[in-house]
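The block underneath contains the structure these notes are about, expressed in structure tokens.
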Amino acid sequence: MNTPSRSFIYKLACCLTVSFLLLPASFANAWNGGKEGFFPNDEIFKPILADPKEPRFFGSVRHIDNEMRKDFTGAAIGLGETFGIYRKNLGPERAWQLSISGGVFSHFDMDTSTYDLLNSDYNIGLLWTYRDRDASLRFRIYHQSSHIGDDYIDENPALLNKYSGFDYEAAELITAYDWQPFRVYGGIHYLLQRDPGDLDRWSYQAGLEYESPNPILFQGMPVAGVDIKGLQERSWTPAISVKAGLKFKTADNNREIMVLAEYYNGFIPYGAFYDYDMDAFGLGVYFGF
């Protein structure tokens, strides 16, 4: 890694850590805490709305234009969740929590007669999260492996030699600050182990979210998010994911459904295809438990 890149990462990490520690002590919309002990029923670090790799249950249909497949109609299915193991309360508005998360992200070519599977990503990780009022932090160590669909390989056998065996273990640190109705976040990722072995290790992530407290249509609350990622491997060029729509919650807030319009522009975020760019827009349905 060259010196400017290393300096950039260190400065970003320092700024994020200092900003988290110096956040004001109280806000009008402070977090109210939750039950301490094993198997808490909520998370103290909210899932990132517009991150295409956030573990969750969803299905979406998209028009995609990328450098590999060109224009086609694609479908994406995600099966994933974060499960709390233990929470320790440190005060009425401070706590830390240990959780596990896992997910499968699969993508299909709907323009083929058999709806060919293009790629599936599998990840599983261990999370330590911390919250102090409206400030929160997520530290995650996780593994990801990627697999190209058999039908896709049959049609494009050259892909097998170039993109098989893509997997890695990574560490992630993200800090967030809630200032209702907005949330801002940012952080870094570092690849601990990777295949191929010459893949650059660093990446960054940042974003902004909005959630209205007032319903507007069938009791749905407007939500929106912008997520930005950049890879050292791609010279830090940002990839932008935008999601916006309505969130519908149960009366006890334990379950939710979001209907979101989606837009993405940047490197392909799935599997080993990060060296190609894509544009995509579509509509997705997301489930929270």
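Position 95 of the sequence shown, counting from 1, maps to 369 under the numbering used here, and the rest follow consecutively. In this text, a Cβ means the ideal position worked out from N, Cα and C, and glycines have one as well.
Practice item. Can you say whether Ile338 is buried or exposed, counting buried as having 16 or more other CB atoms within 10 angstroms of its CB? Key: Translated into the one-based positions of the sequence shown, residue 338 becomes position 64. Classification for Ile338: buried.
Point to revise | Pairwise C-alpha distance: Ala432 and Pro366 | key: Here residue 366 corresponds to residue number 92 of the sequence shown, with the count starting at 1. Here residue 432 corresponds to residue number 158 of the sequence shown, with the count starting at 1. Cα-Cα distance, rounded: 57 Å.
Practice item. Locate the alpha helix (DSSP H) running through Ile427, then write down its first and last residues. Key: Position 153 of the sequence shown, counted from the start, is the residue given in the question as residue 427. Where Ile427 is concerned, the enclosing alpha helix (DSSP H) stretches over 424 to 429.
Exercise for review: Kindly give me the distance between the Cβ atoms of Val516 and Phe332, rounded to whole angstroms, as I take these residues to be in contact under 8 Å.
Suggested key: Looking up residue 516 in the sequence shown gives position 242. Looking up residue 332 in the sequence shown gives position 58. Wrong, their Cβ atoms sit about 15 Å apart, outside the cutoff.
Review point. Going by other Cβ atoms of all chains shown within 10 Å of its Cβ, with 16 needed for buried, is Arg250 buried or exposed?
Key: Outside the displayed span of the chain (275 to 563) sits residue 250, for which this structure offers no information.
Check your understanding: Would you call the CB atoms of Asp406 and Arg368 closer than 8 Å?
Key -> As a position in the sequence shown, residue 406 is number 132, starting the count at 1. As a position in the sequence shown, residue 368 is number 94, starting the count at 1. Yes, they are a contact pair.
Review point. If we ignore side chains and look at the alpha-carbon of each, how far apart do Asn393 and Arg468 end up?
Key: Translated into the one-based positions of the sequence shown, residue 393 becomes position 119. Translated into the one-based positions of the sequence shown, residue 468 becomes position 194. Those two C-alpha atoms are separated by around 18 Å.
Review point. Within 7 Å: the Cβ of Ala450 and any heavy atom of the ligand ZN?
Key: This structure lacks the ligand ZN; in fact it carries no ligand of any kind.
Exercise for review: Using three-state DSSP, classify Asn303 as helix, strand or coil.
Suggested key: Counting from 1 along the sequence shown, the entry for residue 303 is found at position 29. Interpretation of Asn303 is limited by its pLDDT of 40, a score under 50 that renders its predicted location unreliable; the figure taken from the coordinates is listed afterwards. The answer is coil: DSSP assigns Asn303 none of H, G, I, E or B.
Check your understanding: Is there contact here, the stretch 439 to 455 with the stretch 401 to 421, by at least three beta-carbon pairs under 8 Å?
Key -> yes
Review point. With respect to the beta strand (DSSP E) encompassing Thr347, which residues constitute its N-terminal and C-terminal limits?
Key: Sequence index remark: in the sequence shown, residue 347 carries index 73 (1-based). Note, Thr347: beta strand (DSSP E), 344 to 365.
Exercise for review: Decide if Glu483 is buried, meaning its Cβ has at least 16 other Cβ atoms within 10 Å, or exposed.
Suggested key: As a working mapping, residue 483 is identified with position 209 in the sequence shown. Answer is buried; the Cβ neighbour count reaches 16.
Check your understanding: Gly399 lies in the beta strand (DSSP E); which residues open and close that run?
Key -> Counted from its first residue, the sequence shown places residue 399 at position 125. Counting along the chain, the beta strand (DSSP E) containing Gly399 begins and ends at 390 to 406.
Review point. What whole-angstrom Cβ distance do Glu310 and Asp551 have, given they're in contact under 8 Å?
Key: Residue mapping note: residue 310 aligns to position 36 of the sequence shown, counting from 1. Residue mapping note: residue 551 aligns to position 277 of the sequence shown, counting from 1. Between Asp551 and Glu310 the Cβ distance is about 46 Å, and since that is not below 8 Å, they are no contact.
Check your understanding: So, helix, strand or coil for Glu328, using DSSP?
Key -> Here the question's residue 328 lines up with position 54 in the sequence shown. Correct three-state label for Glu328: coil.
Check your understanding: Leaving out five residues before and five after Lys503 in sequence, what residues of the same chain have Cβ atoms less than 6 Å from its Cβ?
Key -> One-based indexing of the sequence shown puts residue 503 at position 229. Here the set comprises Gln479, Ala513.
Review point. Hey, Leu400 and Thr356 are a contact pair by Cβ (cut 8 Å); roughly how many whole angstroms apart?
Key: On the sequence shown, position 126 is the one that residue 400 refers to. On the sequence shown, position 82 is the one that residue 356 refers to. With a Cβ gap of about 11 Å, Leu400 and Thr356 do not count as contacting.
Check your understanding: Relative to the alpha-carbon of Asp345, which residue among Ala554, Gly562, Phe561, Leu505 has its alpha-carbon at the smallest distance?
Key -> Your numbering for residue 345 matches position 71 in the sequence shown. Nearest of Ala554, Gly562, Phe561, Leu505 to Asp345, Cα basis: Ala554.
**Study point:** Unbroken stretches of the beta strand (DSSP E), 3 residues or longer, contained in the stretch 494 to 562
**Key:** 495 to 505, 512 to 523, 530 to 541, 551 to 562
**Study point:** Reference Trp370; option with closest CA among Gly348, Ser380, Pro314
**Key:** If you number the sequence shown from 1, residue 370 lands on position 96. It is Pro314.
Practice item. Please look up how many angstroms separate the CB atoms of Asp501 and Trp453, rounded, as I've assumed it's under 8 Å. Key: Taking the sequence shown and counting its residues from 1, the one referred to as residue 501 is at position 227. Taking the sequence shown and counting its residues from 1, the one referred to as residue 453 is at position 179. Rounded, the Cβ-Cβ distance is 18 Å, inconsistent with contact.
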